[in-house]
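Mature numbering (1 follows the signal peptide of the UniProt record, and there is no 0) puts the sequence shown at residues -21 to -1, 1 to 419.
Single-structure report; data block below.
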Amino acid sequence: MTLKFYIKISLFFFCSIIVNAQDSSDEVIDEFSYSGEFSLLGIGSSENYVPFWFHTNTNATADQLTNLSATASLAGRYTYKEDVFLEAGIAYYYRDGIIVDDFQRRDLYVQFQNKWLKSTLGAKAQDVKVDGLSATNKNFLWSGDARPLSGLIIEANNPIKINNWLGVDWGIAHYSLNDERSVDGARVHYKRLGAHIRLNEKNRFYARIQHFAQWGGTSEIFGKQEDGFGGFVDLFVAKQTGSRSNALGNHLGSYLLDYYLTTAKGTFNFYHEHPFEDGSGTRLANFPDGVWGIVFSPKNNKFVSKILYEYIDTTDQSGEDGSGKDSYFNNKVYKSGWYYEGQNIGLPFLIVRINSRVVAHQLGISGKIKNVDLTLKATHVNSLGTFFEGLDYDENVFYTYAKASYALKRYGKISFLAGYDISTLYDNVLGAGVEYSIKF
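Here is the structure:
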């Protein structure tokens, strides 16, 4: 069964969703609207590379060597009813100093949405969470560092309400990896299942398991990989096949526990995301690896919107022996790893085949002083290489980032960026940038 067949089935399902949209509400709006944005970013630095947070988790808007970046986007929306719409969007950007084409698409998609379902065909940038303060955008495996993948995702728009305290979240997707990699034509399967639990007015909880798998394609070393329907079924359930010690394909997943507590002072958000790549990880043999975080959103504070702290640890990896050495984001067959066009798809601190063991601390603050929006981030990362081939010595690096944005009275917004990175492996780098953006 070929990829074309999957696309045909997906398109059929996509169209059938639209046909059934009339069941969502009674009042017909029948309205078309459009929106767009243009942004221009200029960066200068003391080295030929720029500070880490200038280019990281930006959906590839910039890269390590970028000094100039321009992005233009346009979206049109047809609203059929209050909670039913069809949207199409396109976004292209130019970046200098990038290893792939300077001029590329970021977004190119068609999206349908009603009260309970959302389906997106194509490529679309992820939404920014926690004001952009999180090192992973609150997703260990999908941080928004790389350019958006192209594919089809069908997911819950809102939780399916089971009763007054329980709602179910779900999603399933197929993407393609069309960059130059060790396995040409590789695909990505994705699914998630989650539960929203409302304990009372002050306490709510979200639990999620998500699963990604690279599969199919033709390896330059191992030849053509299984891509038939039977292989997909085995992949879907992560079934072990033949003499393989692990399941078919390159599997990655995570458990997320996300708790919210509302108090008179504000809202506290405590979360832990635990990664796994094989059976040892699913049974928590690699505990306490993952992201441990807390976010505080104060109530009625004129200056501070959010304060975030994250502790990130990927050093255990189920140990050095037996089923251990998980070496996150790396794989024997899919040697290009969990990367796209040389950039991380997930946690941005890891380097394919070189460094998968890190301990990191992330601190972030967002707020406002008068009419100026502020974002501050400070990150310390200790890199320990891998259990297979480590760095000659530990690398310690300290990243800092500051952004101040001011909305002009008539046209657009102007932002000033500053960053200073200190490293034991590379030269320290000081950088500054100016960004102008306008929406219409």
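Idealized CB from N, CA, C, for every residue including glycine.
Going by DSSP in three states, Trp32 sits in which element: helix, strand or coil? Three-state result, Trp32: helix.
Here's the rule I'm using: 16 or more other beta-carbon atoms within 10 Å means buried, otherwise exposed. How should Glu299 be labelled? Classification of Glu299: exposed, given that the 10 Å Cβ count is below 16.
Leaving out five residues on either side along the sequence, give the residues of the same chain with a beta carbon under 8 Å from the beta carbon of Tyr385. So the qualifying residues of the chain are Asn350, Val351, Asp352, Lys392, Ile393 and Ser394.
Using only alpha-carbon positions, find the residue among Leu156, Asp163, Leu363 and Ala397 that is nearest to Glu199. Closest by alpha carbon: Asp163.
Burial state of Phe91 (16 or more Cβ within 10 Å): Result: buried.
Considering only C-alpha positions, which residue in the set Trp194, Gly202 and Glu320 is nearest to Val212? That would be Trp194, whose Cα lies nearest to the Cα of Val212.
In the structure shown, what three-state DSSP assignment does Gly123 receive? Three-state result, Gly123: coil.
With distance defined between alpha-carbon atoms, name the residue in Glu180, Phe208 and Leu263 nearest to Thr242. If you compare the alpha carbons of Glu180, Phe208 and Leu263 with that of Thr242, the shortest gap goes to Glu180.
Based on DSSP bridge pairs, tell me the residues matched to Lys356. Note: Lys356 sits in a beta bridge opposite Gly343 and Tyr380.
Helix, strand or coil: how does DSSP classify Gly21 here? In the three-state reduction of the DSSP assignment, Gly21 falls in the strand class, which pools E and B.
My output table needs one value for Phe201: the three-state DSSP class, helix, strand or coil. Here Phe201 sits in coil by DSSP.
Neighbourhood of Gln43 by C-beta, 7 Å cutoff - its chain only, sequence neighbours within 5 removed: Cβ within range, chain order: Tyr28, Val29 and His34.
Thinking Gly207 and Leu227 are a contact (beta carbons under 8 Å), I'd like their distance in whole angstroms, please. Going by Cβ atoms, the distance from Gly207 to Leu227 rounds to 11 Å, so no, they are not a contact pair.
When the Cα of Thr99 is compared with those of Thr115, Arg74, Leu65 and Ser122, which residue comes out closest? For the residues Thr115, Arg74, Leu65 and Ser122, the minimum Cα distance to Thr99 belongs to Leu65.
Distance, Asp62 Cα to Tyr88 Cα: Using only the alpha carbons, I get a separation of about 19 Å.
Cβ distance (whole Å) where Tyr318 is taken to contact Val331 below 8 Å: Going by Cβ atoms, the distance from Tyr318 to Val331 rounds to 5 Å, so yes, they are a contact pair.
For Phe184 and Ile141, I'd like the C-alpha separation in whole angstroms. Near 15 Å, if we compare the C-alpha coordinates of Ile141 and Phe184.
Backbone CA spacing between Leu145 and Tyr169 [nearest angstrom]: Answer to the nearest angstrom: the Cα atoms are 24 Å apart.
Around the Cβ of Asn38, are there at least 16 other Cβ atoms within 10 angstroms (buried) or fewer (exposed)? With 16 or more Cβ atoms within 10 Å of its Cβ, Asn38 is classed as buried.
Do Phe247 and Phe275 have their C-beta atoms closer together than 8 Å? With respect to the 8 Å criterion, Phe247 and Phe275 are classified as neighbours on the basis of their beta carbons.
Check whether Gln296 and Asp268 have beta carbons under 8 Å apart: With contacts defined as CB atoms closer than 8 Å, Gln296 and Asp268 qualify as a contacting pair.
The alpha helix (DSSP H) enclosing Asp213, as first and last residue numbers: From DSSP, the alpha helix (DSSP H) with Asp213 extends over Phe208 to Phe215.
Boundaries of the beta strand (DSSP E) in which Ser416 is found, first to last residue: In the DSSP assignment, Ser416 falls within the beta strand (DSSP E) that extends over Val408 to Lys418.
Assign Ser284 to one of three DSSP states: helix, strand, or coil. Collapsing the DSSP output to three states places Ser284 in a strand.
Look at the Cβ atom of Leu214, then the Cβ atom of Ala186, and state whether they are nearer than 8 Å. Cβ distance not < 8 Å, so Leu214 and Ala186 don't count as in contact.
Residue interval of the alpha helix (DSSP H) (run including Thr261): Counting along the chain, the unbroken alpha helix (DSSP H) around Thr261 starts and ends at Gly258 to Thr261.
How is Val337 classed by DSSP in three states: helix, strand or coil? Residue state, collapsed to three classes: strand.
Quick check on DSSP: helix, strand or coil for Asp292? Three-state DSSP puts Asp292 in a strand.
Are the beta-carbon atoms belonging to Ser335 and Thr293 less than 8 Å from one another? Yes; because the gap between Cβ atoms is below 8 Å, this pair is in contact.
Around the C-beta of Thr45, are 16 or more other C-beta atoms found within 10 angstroms, so that it is buried, or is it exposed? Buried, by the Cβ-count rule.
What is the DSSP secondary structure of Val109, counted as helix, strand or coil? Correct three-state label for Val109: helix.
Go ahead and label Gly410 buried or exposed: buried means 16 or more other beta carbons lie within 10 angstroms of its beta carbon, across all protein chains shown. Gly410 comes out buried.
Give me the Cα-Cα distance between Asp373 and Trp271, rounded to the nearest whole angstrom. Their Cα atoms are separated by approximately 23 Å.
For Val312, three-class secondary structure by DSSP: Of the three classes helix, strand and coil, the one that applies to Val312 here is coil, per DSSP.
Residues near Tyr290 in its chain [Cβ-Cβ closer than 7 Å; skip 5 each side]: Result list for Tyr290: Trp271 and His340, in chain order.
Do you know offhand how far Asn229's Cα is from Asn36's? The straight-line gap from Cα to Cα measures roughly 23 Å.
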